[in-house]
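Written out below as structure tokens is the structure these notes cover.
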Amino acid sequence: GAVVSQHPSRVICKSGTSVKIECRSLDFQATTMFWYRQFPKQSLMLMATSNEGSKATYEQGVEKDKFLINHASLTLSTLTVTSAHPEDSSFYICSATGVANQPQHFGDGTRLSIL
Amino acid sequence: QKEVEQDPGPLSVPEGAIVSLNCTYSNSAFQYFMWYRQYSRKGPELLMYTYSSGNKEDGRFTAQVDKSSKYISLFIRDSQPSDSATYLCAMSRVYGGATNKLIFGTGTLLAVQP
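So the protein sequences, as listed, match chains A and B.
Mapping of the first sequence onto our numbering: residues 2 to 116, in sequence order.
Mapping of the second sequence onto our numbering: residues 4 to 117, in sequence order.
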């Protein structure tokens, strides 16, 4: 149980384009979803937290207009990287939890490369 | 000082060895402690989940939490080459609301040699 699917797994695109990443909870209702960013050989850095039907809460230093998050249903959250640039290249990972203070379950991540 | 400290390794052991992975933390408000395993280019996979102090065993894995020392451990018995991965500790405070922000260690890279 507790499967989280993330799509796409790999994206390569030109500078200036926008990229949408989807995160789905397949077998549970995710009241809260989290978006992380991970650089090579570093740990996960939380970018934002989203609750279904509410605006996302962004961590300090994360531009909300750059990283648009939508959590429109209990099984789907999306992260859109707008006007992406090479410095946005990274490994983006989502996680989901269905009950307060229960473990987060992670997707397999999206490797984003901006040329 | 980081809230969670974890030796990044790499840690190399022979197959069959007992592996000990550790994290220390500074915030006594943490109540939930987790260990995740992350293979290269994959998302973290939850291995163990413990609330407050004590031990928890699941197959070859044992998680220990010592809140008085602010120290958590993960032991892997009879280690296998397939255990080679990065192991991340994570912890969170008790929240009354609907979120539980995880604070991660930097991860320890483990290599089990056949």
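Cβ coordinates follow ideal geometry from the N, Cα and C atoms, glycine included.
All values reported here derive from a predicted model rather than from experimental measurement.
- At the C-beta level, Leu91 of chain B and Trp38 of chain B come within 9 Å of one another.
- Contact annotation: in the segment 97 to 108 of chain A, residues whose CB is within less than 8 Å of a CB in chain B are Thr98, Ala101, Asn102, Gln103, Pro104, Gln105, His106, Phe107, Gly108.
- Residue contact with chain B for Ile94 of chain A: present (Cβ-Cβ distance below 9 Å to some residue of chain B).
- Using a C-beta cut-off of 8 Å, the segment 46 to 57 of chain A makes no contact with the segment 38 to 57 of chain B, since fewer than three inter-stretch Cβ pairs fall below that distance.
- Judged by DSSP in its simplified three-state form, Glu88 of chain A adopts helix.
- In the DSSP assignment, Gln41 of chain B falls within the beta strand (DSSP E) that extends over 33 to 41.
- For Thr65 of chain B, the nearest beta carbon of chain A is not closer than 9 Å to its own beta carbon.
- Thr98 of chain A is bridged by DSSP to A:Thr33.
- In the structure shown, Ser6 of chain A adopts extended strand secondary structure according to DSSP, grouped into three states.
- In the DSSP assignment, Ser15 of chain B falls within the beta strand (DSSP E) that extends over 14 to 17.
- Arg44 of chain B sits close to Arg112 of chain A, with the two beta carbons spaced by under 9 Å.
- When the Cα atoms are used, Tyr28 of chain B and Ala97 of chain A turn out to be separated by approximately 24 Å.
- For Arg112 of chain A, the neighbours in chain B by C-beta distance under 8 Å run, in chain order, Arg44.
- Residue-level contact by beta carbon fails for Tyr74 of chain B and chain A, as no gap is shorter than 9 Å.
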